[in-house]
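Going by the working numbering, the final residue of the sequence shown carries number 323, and the count climbs one at a time with no gaps. Think of the CB as a built atom: it goes at the ideal place given N, C-alpha and C, for glycine as much as any other residue.
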Amino acid sequence: DTMKILVATEKPFAKKAVDGIRGIVENAGYELALLEKYTDKSQLLEAVADVDALIIRSDKVTAEVIAAAKNLKIVVRAGAGYDNVDLEAASARGIVVMNTPGQNSNAVAELALAMMIYMSRNRFTPGTGTEIQGKTLGIHAYGNVGKLVGRKGKALGMNVVAYDPFITDEAVFAADGVKKVASVEELYKVSDFLSLHIPATEQTKGSIGYDLLMSMPKGATLVNTARKEVIDEAGVVRALTEREDLKYITDIAAGNQAELDEKFCKRVFATAKKMGAETAEANINAGLAAASQIVDFLKNGNTRFQVNK
Ligand code: NAD
15 DTMKILVATE KPFAKKAVDG IRGIVENAGY ELALLEKYTD KSQLLEAVAD
65 VDALIIRSDK VTAEVIAAAK NLKIVVRAGA GYDNVDLEAA SARGIVVMNT
115 PGQNSNAVAE LALAMMIYMS RNRFTPGTGT EIQGKTLGIH AYGNVGKLVG
165 RKGKALGMNV VAYDPFITDE AVFAADGVKK VASVEELYKV SDFLSLHIPA
215 TEQTKGSIGY DLLMSMPKGA TLVNTARKEV IDEAGVVRAL TEREDLKYIT
265 DIAAGNQAEL DEKFCKRVFA TAKKMGAETA EANINAGLAA ASQIVDFLKN
315 GNTRFQVNK
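Right, here's the structure in full:
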């Protein structure tokens with residue numbers, strides 16, 4: 015019996031991604047099944063009945079779906095967030111759940127740079143702006159996204175500094191021509207642009223607020239493509255009120271976005287809907303990575319990207 019891999023997507027992948035996934039699956043000697051634009055849960059329940067592996071996007075893999083998938087061994091969420099998968103139900107059956115980290119990093123990094131230029135040029139309204147060349151770009155967390163923002167910032171002629179307490183190998187920064195600073199305080203103090211790339215954790219939640227913003231150089235801009243939870247919203251309001259030169263742009267509307275927009279007009283901006291990872295390329299990369307990870311798991315037992323260990 016050949017292994018069967020189902021791609022179940024309410025919002026389908028681009029054709030190019032599906033073709034690529036098919037290539038990877040069939041090259042491995044497996045069979046590909048496709049369930050796209052399904053409108054009822056019952057269609058998903060039926061489709062998973064005999065599959066060994068499942069690729070999804072934002073599709074909900076509930077305990078009911080898992081119970082209906084008698085042969086299921088692995089679920090891969092093509093993308094970063096996996097809160098749409100019932101991990102407990104999967105773990106109880108010994109089903110491996112993975113995501114595809116890093117596949118959307120370039121999309122997010124490009125958005126962060128675009129946001130810097132957008133704010134420097136008065137949100138594309140008339141008037142004299144400033145340039146980002148020659149300015150200091152601070153990268154808060156040098157992971158998949160932060161690294162790419164650092165390299166792109168260098169290419170645009172910025173001085174790039176970074177802070178990431180979990181990266182102890184100095185060579186990681188040196189290889190990109192990026193200066194590592196020793197503390198968060200030092201980072202904000204020198205950054206004309208501060209690009210946030212920390213995950214939302216117990217340690218980081220609400221950690222970016224008044225004191226850090228107030229320490230930034232004149233005319234500084236905070237760019238948030240990370241998570242809204244890491245911001246101390248009241249602190250940001252206070253800092254923007256006291257310092258009329260500060261700017262804040264975010265890909266994740268703040269809980270108090272209406273207040274920000276009203277009080278600070280052109281000094282703040284939030285995208286209408288989170289769009290950091292929304293590129294054709296990121297979607298294709300994530301789909302292909304999902305297929306490769308499934309093949310590598312079924313053939314070699316590789317569980318590198320497992321999230322329910
Ligand atoms: P990553 O896991 O590759 O990197 C995160 C980095 O943060 C790591 O290098 C880690 O050492 C560092 N870190 C952890 N805790 C820290 C702390 N307390 N202080 C400083 N550094 C700390 O993640 P990534 O792919 O670079 O993504 C970063 C974040 O961006 C994600 O957590 C996610 O919330 C967000 N994100 C947003 C979008 C979007 O659509 N806007 C898309 C993808 C990711």
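How would you write the range of the beta strand (DSSP E) that residue i sits in, first residue to last?
| i | result |
| --- | --- |
| Thr264 | 261-264 |
| Arg91 | 88-91 |
| Ile153 | 150-154 |
| Glu45 | 45-50 |
Does the Cβ of residue i lie closer than 7 Å to at least one heavy atom of the ligand NAD?
| i | result |
| --- | --- |
| Gln217 | yes |
| Ala31 | no |
| Thr239 | yes |
| Tyr177 | yes |
| Ile263 | no |
| Ile212 | yes |
| Phe180 | yes |
| Lys288 | yes |
| Ala155 | yes |
I'd like the list of long-range same chain contacts for residue i, defined as Cβ closer than 7 Å, with 5 residues on each side in sequence excluded.
| i | result |
| --- | --- |
| Ala103 | Ala77, Ile80 |
| Thr16 | Gly43, Tyr44, Glu45 |
| Ala123 | Val159, Leu162, Val163, Lys166 |
Just reading off the alpha helix (DSSP H) that residue i is part of, what are its end residues?
| i | result |
| --- | --- |
| Met129 | 119-134 |
| Phe283 | Counting along the chain, Phe283 falls outside any alpha helix (DSSP H), though it belongs to the beta strand (DSSP E) covering 282-284. |
| Met112 | That residue, Met112, is in no alpha helix (DSSP H); its beta strand (DSSP E) goes 110-113. |
| Phe207 | Note, Phe207: premise wrong, no alpha helix (DSSP H); beta strand (DSSP E) at 207-210. |
CA-CA distance, residue i and residue j?
| i | j | result |
| --- | --- | --- |
| Met112 | Ala22 | 15 Å |
| Tyr255 | Phe278 | A quick correction: the sequence has Thr, not Tyr, at residue 255. Answer to the nearest angstrom: the Cα atoms are 8 Å apart. |
| Met228 | Ala253 | 6 Å |
| Lys313 | Val244 | 40 Å |
| Ser119 | Ile38 | 22 Å |
With a threshold of 6 Å on Cβ separation, who are the neighbours of residue i within its own chain once the five nearest residues in sequence on each side are excluded?
| i | result |
| --- | --- |
| Asp178 | Ala155, Tyr156 |
| Asp246 | Gly220, Gly223 |
Beta carbon of residue i, beta carbon of residue j: below 8 Å?
| i | j | result |
| --- | --- | --- |
| Met289 | Leu125 | yes |
| Val90 | Ile69 | yes |
| Ile35 | Ala294 | no |
| Tyr202 | Met172 | no |
| Gly152 | Phe207 | yes |
| Ala268 | Leu274 | yes |
| Val204 | Val192 | no |
| Ala300 | Gly93 | yes |
| Met129 | Val237 | yes |
Cutting at 8 Å between CB atoms, please list the residues of its own chain near residue i, excluding the five before and the five after it.
| i | result |
| --- | --- |
| Gln147 | Leu170, Gly171, Met172 |
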